[in-house]
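Some notes on the structure that comes next.
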DNA sequence: TTTGAAAACTCTCGCGC
DNA sequence: GCGCGAGAGTTTTCAAA
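Residue numbers (UniProt numbering), protein chains in the order written: chain A, 1 to 154; chain B, 1 to 154.
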């Protein structure tokens with residue numbers, strides 16, 4: 001099983017990252033390949049894990065997620081167990097879209113989606129701040145989203 | 001044109017955010033609706049802008065985007081023109097996946113995807129730092145990605 | 001990788017609730 | 001208004017070469 005991507009594979013990934021509703025027929029036309037070839041390539045790209053999933057991207061403001069916040073969290077204890085415990089607990093909160101462990105002075109940065117500041121405040125008090133081992137939390141709030149892309153350049 | 005979502009619409013959005021490869025037939029079965037109804041609902045959800053697009057989510061490590069960084073950028077000038085100019089220029093860089101204007105002391109936070117630290121360094125020196133009006137840039141680097149979700153709770 | 005044919009799915013229309 | 005059935009038109013799938 002070769003894992004290297006040839007130019008056709010890369011082009012498929014480039015296109016599907018932007019629009020995964022294209023039919024195999026349309027893709028085949030763009031790539032000058034047969035439909036069966038395109039189908040086979042995509043199947044392999046999924047099997048090999050290049051494509052993790054195909055999802056719908058929603059307009060968050062329309063579904064009442066008007067506020068995005070980035071709390072930076074510093075922990076008291078930095079043992080392996082403490083880090084893992086924090087990650088495990090924080091992942092359970094539905095407001096937490098992403099959780100990254102960082103280098104530097106902040107241990108973690110989260111991306112939180114809530115409807116408004118009141119809801120965020122409740123999340124902070126009733127959920128995040130109740131976790132053991134938290135030292136400090138400094139929250140940044142998004143005023144505007146200038147660029148938001150899920151497609152990596154390939 | 002009503003804009004409120006009924007429980008069926010919400011369930012459709014919930015499902016498609018996690019897996020948009022389900023056929024209308026499968027969705028119809030899950031929802032106890034007819035195929036035609038499901039089809040009609042999804043069409044409306046796209047037309048009304050709830051669903052912005054359907055995309056493939058890739059495994060970034062497999063496509064040589066091993067490093068995610070969050071540079072926080074402070075500008076010198078804070079006029080409307082200066083902010084807009086910065087947003088416009090930064091959006092052109094292919095390494096920039098996201099750009100948020102923030103409240104608080106940092107003006108912007110970016111999410112940058114590169115293959116490694118060397119490439120990030122080049123991005124910083126040759127691209128980001130060449131923009132006019134930048135005061136300071138403080139970069140955080142991701143050690144590990146604990147949670148990464150594109151699906152909002154609905 | 002391609003072809004070709006069968007199976008599955010999509011999408012629209014018109015009727016009924 | 002909303003949902004459903006049926007059918008033509010597309011797309012996908014899976015042989016075999």
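In this text, a Cβ means the ideal position worked out from N, Cα and C, and glycines have one as well.
{"query": "Contact list for residue 96(A) against chain B, beta-carbon separation under 7 Å", "result": "147"}
{"query": "Chain B within 8 Å of residue 142(A), Cβ atoms only", "result": "yes"}
{"query": "Limits of the unbroken beta strand (DSSP E) element including residue 71(B)", "result": "67 to 75"}
{"query": "Sufficient close CB pairs (3 or more, under 8 Å) joining the stretch 126 to 140 of chain A to the stretch 18 to 38 of chain A", "result": "no"}
{"query": "Interface flag, residue 4(B) vs chain A, CB-CB below 8 Å", "result": "no"}
{"query": "Contacting residues, own chain, Cβ-Cβ under 8 Å from residue 60(B) (five flanking each side not counted)", "result": "66, 68 and 113"}
{"query": "Buried or exposed by the 16-neighbour rule on C-beta atoms within 10 Å, applied to residue 144(A)", "result": "exposed"}
{"query": "The stretch 99 to 117 of chain B in contact with the stretch 75 to 88 of chain A per 3-pair CB rule at 8 Å", "result": "no"}
{"query": "Nearest candidate by alpha-carbon position, reference residue 5(B), set 41(B), 53(B), 130(B) and 54(B)", "result": "41(B)"}
{"query": "Cut-off 8 Å between Cβ atoms - residues of its own chain near residue 13(A), not counting five sequence neighbours on either side", "result": "5, 45, 50, 51 and 154"}
{"query": "Residue 59(B) at chain A interface by Cβ criterion, 8 Å", "result": "yes"}
{"query": "Three-way DSSP call (helix, strand, coil) for residue 113(A) in this model", "result": "strand"}
{"query": "Residues near residue 142(A) by beta carbon distance below 6 Å, same chain, minus five either side", "result": "68"}
{"query": "For residue 105(B) and residue 77(B), the rounded distance between their alpha carbons", "result": "14 Å"}
{"query": "Interface residues of the stretch 73 to 94 of chain B facing chain A [CB-CB below 8 Å]", "result": "87, 90, 91 and 94"}
{"query": "Contacts of residue 53(A) in chain B (Cβ-Cβ under 7 Å)", "result": "19 and 57"}
{"query": "Residues near residue 25(A) by beta carbon distance below 7 Å, same chain, minus five either side", "result": "35"}
{"query": "Span separating the alpha-carbon of residue 127(A) from that of residue 91(A)", "result": "11 Å"}
{"query": "Burial state of residue 47(B) (16 or more Cβ within 10 Å)", "result": "exposed"}
{"query": "Chain-order list of residues whose beta-carbon lies under 6 Å from that of residue 1(A) (same chain, five-residue window excluded)", "result": "Bear in mind that the predicted position of residue 1(A) carries a pLDDT of just 42, short of 50, making it too unreliable to give a figure here."}
{"query": "7 Å Cβ shell around residue 18(A) - same chain, five flanking residues per side excluded", "result": "151"}
{"query": "Which residues DSSP lists as bridging residue 96(B), in chain order", "result": "112(B)"}
{"query": "Under 9 Å from the C-beta of residue 115(A): neighbouring residues of chain B", "result": "Going along chain B, no residue has its Cβ under 9 Å from residue 115(A), so there is no contact; the nearest lies around 10 Å."}
{"query": "Residue 44(A) - containing alpha helix (DSSP H), residue span", "result": "35 to 47"}
{"query": "Limits of the unbroken alpha helix (DSSP H) element including residue 80(A)", "result": "80 to 91"}
{"query": "Presumed contact (8 Å Cβ cut-off) between residue 54(B) and residue 21(A), rounded CB distance", "result": "5 Å"}
{"query": "Beta-carbon spacing of residue 140(A), residue 103(B) below 8 Å", "result": "yes"}
{"query": "Residue 17(B) - partner residues in DSSP beta bridges", "result": "DSSP lists no partner for residue 17(B)."}
{"query": "Residue 131(A): contacting residues in chain B (beta-carbon distance under 9 Å)", "result": "Chain B residues near residue 131(A): none, gap ~14 Å exceeds 9 Å."}
{"query": "DSSP three-state assignment for residue 58(A), whether helix, strand or coil", "result": "strand"}
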